[in-house]
Amino acid sequence: MKMNRLPNYLIAGVTLLGVAMVSLSSCSPSKGNNPGHEFFPDMFHSIAYEANLHDYYYYNTWGNEVEYRKYATPREPVKGTIPRGFAGASSAADYKDKEAYFQNTPVNGFVPYYYEDTEEERTRASAEILENPFPITAEGLSRGEDLYDIFCGICHGDNGDGAGYLVRDDGGVYPAQPANFLLPEFVEASEGRYYHSIMFGKNVMGGYADKLSYEERWQVIHYIRSLQAKELGLVYDPTGNTLNNSSIPEVEFEASMEVDMEQQADGESEDHSTDVYDSDDH
Ligand code: HEC
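Quick look at the structure:
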């Protein structure tokens, strides 16, 4: 080997230089109470905050798991905070709790919708969205009626029969037949089928997501249900609902709220204060 020909002092010198370089440039290892030499410990061992995650962070190198959890667990939002794009009043209970309702419903009415504009997703939304989150109220129905007449009635007909002004027999110009909500198919259709249609439309019908807020969409659906009930001689108003079991009338809703209040007084209610982080509301 060629190396044998190199003078020994040169080999020793190069080796020493190498060792010196390595030990100068790297941090010395920690041991026992000695944390070693670290020039930017905060950067190397930061607490790895993972937003809205309750899990222990696998690569955490700071402290132990208990200490980690003490610092890296999602906190309660400051009271009164309105998170951007928060899911609005997501249940009838929120609606009744005025404070929560106004805090949770962003002024622009934006609420995330977790379904895409495809036929498979329409089917999925129809199968999964089964309840109107707002109780049936007189104000809601009257708001729903106004909005329906403005945005839907022109095609779907003021009474929901699919014969609106644009498709009227004497001179209607619209090229396609709007759905007739009074047919059994649409009376039986789930809330999701309506909500999805409002979000994305269907074929030649455009979507109304940009024109109706989250709550307005649901009030329009309430109103369509009330038209169906009228046609069938059933009840769908604040006093009762004999049409379907997807919506609670105000009376039942108030009664259920009273039960809730009693339970709360008995200390039986669970603490839902952290639900917002755990919910999987799609
Ligand atoms: C410009 C006319 C027009 C307007 C306005 C309109 N629609 Fe439609 N809508 C249609 C047509 C046409 C169809 C049939 C689409 C198809 O099946 O190809 C339809 C279908 C539907 C369906 C049935 C979708 C399905 O799953 O088969 C629903 C629900 C619906 N519309 C709700 C609404 C609501 C709620 C509004 C008001 C926010 C509205 N539409 C406004 C034309 C309209």
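Residue 146 in my numbering is what sits at position 142 of the sequence shown, and the numbering runs on without skipping anything. Glycine included, C-beta positions come from ideal geometry on N, C-alpha and C. The structure presented is a predicted model; accordingly, all values stated were derived computationally and were not measured.
Determine the extent of the alpha helix (DSSP H) in which residue i is found, giving its start and end residues.
{"i": "R172", "result": "Careful: R172 lies outside any alpha helix (DSSP H) and carries neither H nor E."}
{"i": "E80", "result": "Neither: E80 is in no alpha helix (DSSP H) and is coded neither H nor E."}
{"i": "Y72", "result": "E69 to Y75"}
{"i": "L216", "result": "Unbroken run through L216: none, as it is neither H nor E."}
{"i": "S130", "result": "E123 to E132"}
{"i": "V191", "result": "P188 to E192"}
{"i": "I154", "result": "A142 to F155"}
{"i": "M203", "result": "E195 to F204"}
From the options, pick the residue whose C-alpha is nearest to that of residue i; which is it?
{"i": "L216", "options": "N207, R229, H200 and V208", "result": "H200"}
{"i": "W222", "options": "N136, A193, L247 and S230", "result": "N136"}
{"i": "V115", "options": "L187, A213, V191 and E258", "result": "A213"}
{"i": "L236", "options": "G36, L187 and E120", "result": "L187"}
{"i": "G144", "options": "V224, E123 and K83", "result": "V224"}
{"i": "G210", "options": "G166, C156, E69 and E258", "result": "C156"}
{"i": "R126", "options": "K35, I202 and I15", "result": "I202"}
{"i": "G205", "options": "A16, E123 and K35", "result": "E123"}
{"i": "E2", "options": "Q232, D174, K83 and I154", "result": "Absent from the structure is residue 2, since the part of the chain shown begins at 5 and ends at 286."}
{"i": "V208", "options": "E266, A259 and A183", "result": "A183"}
{"i": "Y72", "options": "N12, H58 and K83", "result": "H58"}
If residue i and residue j are in contact, beta carbons under 8 angstroms, what's the gap, nearest whole angstrom?
{"i": "I140", "j": "D241", "result": "6 angstroms"}
{"i": "S130", "j": "R172", "result": "Wrong, their Cβ atoms sit about 29 angstroms apart, outside the cutoff."}
{"i": "H160", "j": "F138", "result": "At roughly 21 angstroms, the Cβ-Cβ gap does not stay under 8 angstroms, so H160 and F138 are not in contact."}
{"i": "G164", "j": "I228", "result": "6 angstroms"}
{"i": "Y63", "j": "A76", "result": "So it is not a contact: roughly 12 angstroms between Cβ atoms."}
{"i": "I133", "j": "E80", "result": "Between E80 and I133 the Cβ distance is about 29 angstroms, and since that is not below 8 angstroms, they are no contact."}
{"i": "G148", "j": "H226", "result": "5 angstroms"}
{"i": "V239", "j": "T246", "result": "5 angstroms"}
Any heavy atom of ligand 1 within a distance shorter than 6 angstroms of the CB on residue i?
{"i": "V177", "result": "no"}
{"i": "P182", "result": "yes"}
{"i": "R197", "result": "yes"}
{"i": "N207", "result": "yes"}
{"i": "Y240", "result": "no"}
{"i": "S251", "result": "no"}
{"i": "E133", "result": "The sequence shown places Ile at residue 133, not Glu. It does not: the Cβ of I133 is nowhere closer than 6 angstroms to a heavy atom of ligand 1."}
{"i": "I158", "result": "yes"}
{"i": "V224", "result": "yes"}
{"i": "S217", "result": "no"}
{"i": "F204", "result": "no"}
{"i": "Y212", "result": "yes"}
Does any CB atom of chain B fall closer than 7 angstroms to the CB of residue i?
{"i": "E219", "result": "Protein chains in the displayed structure number just one, and chain B is not present."}
Worksheet entry | the segment 174 to 183 contacting the segment 248 to 258, beta-carbon criterion three pairs below 8 angstroms | no
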